[in-house]
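In what follows, a single structure is set out as structure tokens and then discussed.
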Amino acid sequence: PYGKMLFAVGINRTTATLSGVRVPLVVVLTYAMSGMLAAFGGFVLLGFTDIVFLNLGGRYLFPSIAAVVVGGTLLSGGKGSYWGTMSGALVLQLINSLLQAQGLPEATQSIILGVVLLVLISIYGRQRAFRL
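Residue numbers in the sequence shown follow the numbering used here, run continuously in steps of one, and reach 563 at the last position.
Written out as structure tokens, the structure reads:
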């Protein structure tokens with residue numbers, strides 16, 4: 432039931448409220464779980480390093496958001512799927528592995544990956560516009 436309530440809140444808060452969902456409770460609970468999972472992920476990441484610094488997980492932020500977007504999830508909320516996110520992560524990792532296999536410098540790999548992401552996101556955006 433929590434997943435369906437969260438999905439309803441993500442699509443339309445007013446409709447969720449009228450359907451009997453306690454929207455503030457769902458929002459607070461979601462932020463609390465997100466914070467706890469982020470802290471747990473930080474502790475796990477900390478186990479792989481010898482030192483602690485402020486931007487320890489910063490290099491994981493962009494690829495994780497990019498995988499969600501490439502997988503078809505709307506950042507505005509409400510629409511998305513687990514399979515889409517996993518396929519987005521798989522596509523990004525495949526592209527990243529191919530770029531590393533070419534032996535290109537890291538800066539060039541980042542530029543090419545950024546261009547590929549822009550192309551994929553723009554194609555996805557056009558497909559959504561044509562469907563509406």
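Heads up, the beta-carbon is just placed ideally off N, CA and C, and yes, glycines get one too.
Classified as buried, residue 436 has 16 or more neighbouring CB atoms from the shown chains inside 10 Å of its CB. Not a single unbroken stretch of the beta strand (DSSP E) spanning 3 or more residues falls wholly within the stretch 446-500. Leaving aside the five residues that flank residue 551 on each side, the residues in its chain whose CB is nearer than 7 Å to its CB run, in chain order, 501. Note on geometry: alpha-carbon atoms of residue 444 and residue 450 lie some 10 Å from one another.
Remark: three or more beta-carbon pairs, one from each stretch, lie closer than 8 Å, so the stretch 517-534 and the stretch 488-504 are flagged as touching.
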